[in-house]
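What follows is one structure encoded as structure tokens, with my remarks underneath.
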Amino acid sequence: MKHIRIHEDARESFNTRARELIVLAATSSRARRRGVRREAEFSPDYHVAGRIDRGDVLGEPKAVTVDAAGRAVSRSITIRGEQRELDEDRYRELSALVSSIRRAISRDALVSEDLIEDGIVDWMQFSLRTNDAPPLMDHLLGILERDVGDHEVWVPIACLHIQSPLRIAEVVIEQLEWSAISTWLDSAGAGDPVRAEGVSKFRERLSRKIRGLAVAKTRVFGDAISADAVAVQRAEEACSILRLFHPSALIPQQKSHCTVLGRENAESRISIRVESGVCVGLVDGYLNNAPVGWHLSDSTIQAMHAMGLAGLIAICEKTSRTELESALLDSLRLYSRVTLVSDIADKLVYLLSSIESLFLKDQSEPIQQNLGERIAFLIGRELEDRRRIVAAIRSAYSLRSRSLHHGIRDVDPREVEVAMSIAWNALLSVIAVCERTSSRDEFLTHLDDMKLS
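Numbering (the working numbering), first residue to last: 5 to 457.
Right, here's the structure in full:
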């Protein structure tokens, strides 16, 4: 079990700033009265799934004011039963303290700002109603020791099914063990018939949603909120590597849904046919093709390893990567977004951005010429191959311009398919280059020298 350590000087500094916050909180104004709720101009016929009253809420509600961008700008606290408001200036001081404490403990654990802020507010309210409150950091470290730990998190992946576990860096992708969830649900509904009925309905909904899917399993040391956020990020990074070997990475008419469940963007619609004011038919379905499950058998994984997955996993697992390896991973993750979008213009934006980020030294050099020639000498074997690659790169830029700037949507997907094939092969061919070159600039200089040889 890890322990969170903070230097004594830092602890005392945080305690001093907290005492200053107490003074600000004690002089804060009463929370603004919300006034009488204005009657709405109209009331939609919402579906009411249930009602929550005050008795259903555990503990004190957290009252935070947010701006138009969703950022918290003030917060109410309770002082001797009275609501006081930390206005923007006071709340800014609180947020600064939260950020400082989080940075100080980041070496030992991942801790969310919400947990730290709630802990500070809890200490402030306790300090303002008693003289026996401990220093802030003693109180806060007690909360962190209680809530911070080693969490195993499973993140379901949409439309993915896998025969055997596959490790990519800190994530293991394998089939969901439904029995683990079923056991938990059994215990949740035990001994209470009403609760058991609700659990049964929830089990059915959850089973339809995730049963049979692959999950990304990972371990994170931190609080539950941070562990969830990190697990989702790691899962998405692993999916971005897998998607490079999905058919949609090479076929523009296809789209992958292999991403964190809930982010798969499966476009759907509902249309209602009406005669004389009465519904006579309804269509509820997907706009284009329905999401199709991606089944990764052991033989498929073996083929993907041979195509470059093995080399990519080896790079991902490194704790210290070279400049070229890091640049390659960034470009490949950008290219993988080609697989998630349907619009040809969007695909071209991600495609060209991915190769620009790796094959250009800077934005001041001629983009199309250098990009085309460097890729041509990297993967082109004969003179005609290289000419074809240079022409295809120029054509891709022309297609992007026509789609984005001139609104022309009638694009031949075969032209895009050629560009996708070139970009995909160029990016994956750099995996082998990483074994003998660590510098991105050295790699690009070598390609330029090949043009003069």
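For each residue, glycine too, the CB sits at the ideal point set by N, CA and C. As the structure is a computational prediction, the values presented were derived from the model and not from experiment.
- request: Would you decide whether Leu456 is buried or exposed? Buried here means 16 or more other CB atoms lie within 10 Å of its CB.
  value: Taking the first residue of the sequence shown as 1, we reach residue 456 at position 452. Its Cβ having fewer than 16 others within 10 Å, Leu456 is exposed.
query: Between Ala331 and Leu362, is the Cβ-Cβ spacing less than 8 angstroms?
result: Counted from its first residue, the sequence shown places residue 331 at position 327. Counted from its first residue, the sequence shown places residue 362 at position 358. Their beta carbons are under 8 angstroms apart, which means Ala331 touches Leu362 by this criterion.
query: Taking DSSP as the reference, what is the three-state secondary structure of Val224?
result: For this step, residue 224 is matched to residue 220 along the sequence shown. Reduced to three states, the DSSP call for Val224 is strand.
task: Determine the extent of the alpha helix (DSSP H) in which Gln257 is found, giving its start and end residues.
output: Numbered from 1 along the sequence shown, position 253 holds the residue referred to as residue 257. Looking at the DSSP string, Gln257 is not in any alpha helix (DSSP H), and its letter there is neither H nor E.
field: Buried versus exposed, by CB contacts within 10 Å (16 or more), Gly39
entry: Here residue 39 is taken as the residue at index 35 of the sequence shown, counted from 1. Note that Gly39 scores 48 on pLDDT, short of 50, meaning its location in the model is unreliable and no value can be drawn from it.
field: Simplified DSSP state of His250, which is helix, strand or coil
entry: Indexing the sequence shown from 1 puts residue 250 at position 246. DSSP places His250 in coil when its eight states are reduced to three.
- prompt: The alpha helix (DSSP H) spanning Val459 covers which residue range?
  reply: Only positions 5 to 457 of the chain appear in this structure, which leaves residue 459 out of reach.
Sequence-distant residues of its chain with Cβ nearer than 7 angstroms to Leu338 (five each side left out): Working through the sequence shown from its first residue, we reach residue 338 at position 334. Excluding residues within five positions, the ones whose Cβ falls inside 7 angstroms are Tyr354, Ser357, Ser358 and Ser361.
Alpha-carbon to alpha-carbon, Arg84 and Ser17: Counting from 1 along the sequence shown, the entry for residue 17 is found at position 13. Counting from 1 along the sequence shown, the entry for residue 84 is found at position 80. Each residue's Cα considered, the two are about 27 angstroms apart.
- request: List in chain order: all unbroken alpha helix (DSSP H) runs of 4+ residues lying wholly within the region 83 to 157.
  value: 92 to 109, 117 to 131 and 140 to 151
- prompt: Contact check, Leu336 vs Ile229 under 8 angstroms by CB: the rounded distance?
  reply: In the sequence shown, counting from the first residue as 1, residue 336 sits at position 332. In the sequence shown, counting from the first residue as 1, residue 229 sits at position 225. Not confirmed; about 29 angstroms, so no contact.
- request: Output yes or no for whether 8 angstroms exceeds the beta carbon distance between Ile177 and Ala220.
  value: Position 173 of the sequence shown, counting from 1, holds the residue named residue 177. Position 216 of the sequence shown, counting from 1, holds the residue named residue 220. For Ile177 and Ala220, yes; Cβs fall inside 8 angstroms.
field: For Cys243, the three-state DSSP class (helix, strand or coil)
entry: By 1-based counting over the sequence shown, the position of residue 243 is 239. Helix.
field: DSSP-derived helix/strand/coil call for Ala194
entry: Taking the first residue of the sequence shown as position 1, residue 194 is located at position 190. Ala194: coil per DSSP, three-state reduction.
task: Could you work out which residue in Trp158, Trp127, Asp136 and Val157 is closest to Leu144 when comparing CA atoms only?
output: For this step, residue 144 is matched to residue 140 along the sequence shown. For the residues Trp158, Trp127, Asp136 and Val157, the minimum Cα distance to Leu144 belongs to Trp127.
message: Only counting the same chain, and skipping five residues up and downstream in sequence, which positions put a Cβ closer than 8 angstroms to that of Met454?
response: Taking the sequence shown and counting its residues from 1, one reaches residue 454 at position 450. Hits under 8 angstroms: Phe381.
- prompt: Does the region 43 to 59 come close enough to the region 160 to 176 that 3 or more CB-CB pairs lie under 8 angstroms?
  reply: no
- request: Let me know if Thr323 comes out buried or exposed under the rule of 16 or more other beta-carbons within 10 Å of its beta-carbon.
  value: Locating residue 323 in the sequence shown gives position 319, where the first residue counts as 1. So Thr323 counts as exposed.
- prompt: Going by Cα to Cα distance, which pick from Ala67, Asp347 and Thr69 is closest to Gln258?
  reply: In the sequence shown, counting from the first residue as 1, residue 258 sits at position 254. Taking only the C-alpha atoms, the option nearest Gln258 is Asp347.
query: Which class does Asp57 belong to by DSSP, given the choice of helix, strand or coil?
result: What you label residue 57 is simply residue 53 of the sequence shown in a count that begins at 1. Reduced to three states, the DSSP call for Asp57 is coil.
field: For Ser244 and Ser340, believed in contact at Cβ under 8 angstroms, the rounded distance
entry: Counting from 1 along the sequence shown, the entry for residue 340 is found at position 336. Counting from 1 along the sequence shown, the entry for residue 244 is found at position 240. Going by Cβ atoms, the distance from Ser340 to Ser244 rounds to 4 angstroms, so yes, they are a contact pair.
field: Exposure of Leu62, with buried meaning 16 or more beta-carbon neighbours within 10 Å
entry: Numbered from 1 along the sequence shown, position 58 holds the residue referred to as residue 62. Per the 10 Å Cβ criterion, exposed.
- prompt: Do you know how far the Cα of Ala30 is from the Cα of His261?
  reply: The residue you call residue 261 lines up with position 257 of the sequence shown. The residue you call residue 30 lines up with position 26 of the sequence shown. Going by the C-alpha atoms only, they are around 52 angstroms apart.
query: By DSSP, does Leu300 sit in helix, in strand, or in coil?
result: Position 296 of the sequence shown, counting from 1, holds the residue named residue 300. Looking at Leu300 - three-state DSSP - the assignment turns out to be strand.
query: Exposed or buried, what is Trp428 when buried is set at 16 or more other beta-carbons lying within 10 Å of its beta-carbon?
result: Taking the sequence shown and counting its residues from 1, the one referred to as residue 428 is at position 424. So Trp428 ends up on the buried side.
- request: Could you tell me the boundaries of the beta strand (DSSP E) in which Ile276 lies?
  value: To locate residue 276, count along the sequence shown from 1; it is residue 272. Start and end: Ser272 to Glu279.
query: Got a sec, what are the start and stop residues for the beta strand (DSSP E) Val287 sits in?
result: Along the sequence shown, one-based indexing puts residue 287 at 283. Where Val287 is concerned, the enclosing beta strand (DSSP E) stretches over Val282 to Tyr290.
- prompt: Exposed or buried, which one is Leu101 when buried takes at least 16 other CB atoms within 10 Å?
  reply: Here residue 101 is taken as the residue at index 97 of the sequence shown, counted from 1. Buried: at least 16 other Cβ atoms inside 10 Å.
- request: Along the alpha helix (DSSP H) that carries Glu386, what are the first and last residues, could you check?
  value: In the sequence shown, counting from the first residue as 1, residue 386 sits at position 382. No alpha helix (DSSP H) contains Glu386, which DSSP labels as neither H nor E.
field: Local Cβ density within 10 Å of Trp298, reported as buried at 16 or more and exposed below that
entry: Translated into the one-based positions of the sequence shown, residue 298 becomes position 294. The residue in question, Trp298, is buried, as its Cβ has 16 or more Cβ neighbours within 10 Å.
Bridge-paired residues (DSSP) for Ala218: Stepping through the sequence shown from its first residue, residue 218 is reached at position 214. Partner(s): Ile161 and Gln179.
- prompt: Could you give the distance in angstroms between the alpha-carbon of Gln179 and the alpha-carbon of Val282?
  reply: Against the sequence shown, residue 179 aligns to sequence position 175. Against the sequence shown, residue 282 aligns to sequence position 278. Whole-angstrom Cα-Cα distance: 46 angstroms.
Residues near Arg15 in its chain [Cβ-Cβ closer than 6 angstroms; skip 5 each side]: Here residue 15 is taken as the residue at index 11 of the sequence shown, counted from 1. The residues are Met141.
- request: Work out the CA separation of Ile305 and Gly315 for me, nearest whole Å.
  value: Along the sequence shown, read from residue 1 onward, the residue named residue 315 stands at position 311. Along the sequence shown, read from residue 1 onward, the residue named residue 305 stands at position 301. Roughly 13 angstroms separates the two Cα atoms.
query: Opposite Thr69 in the DSSP bridges: which residues?
result: Residue numbering aside, residue 69 sits at position 65 when the sequence shown is read from its first letter. Thr69 pairs with Ser78.
task: Would you list the residues sitting across from Leu403 in a DSSP beta bridge?
output: Your numbering for residue 403 matches position 399 in the sequence shown. DSSP, once it has assigned bridges, lists no residue as partnering Leu403.
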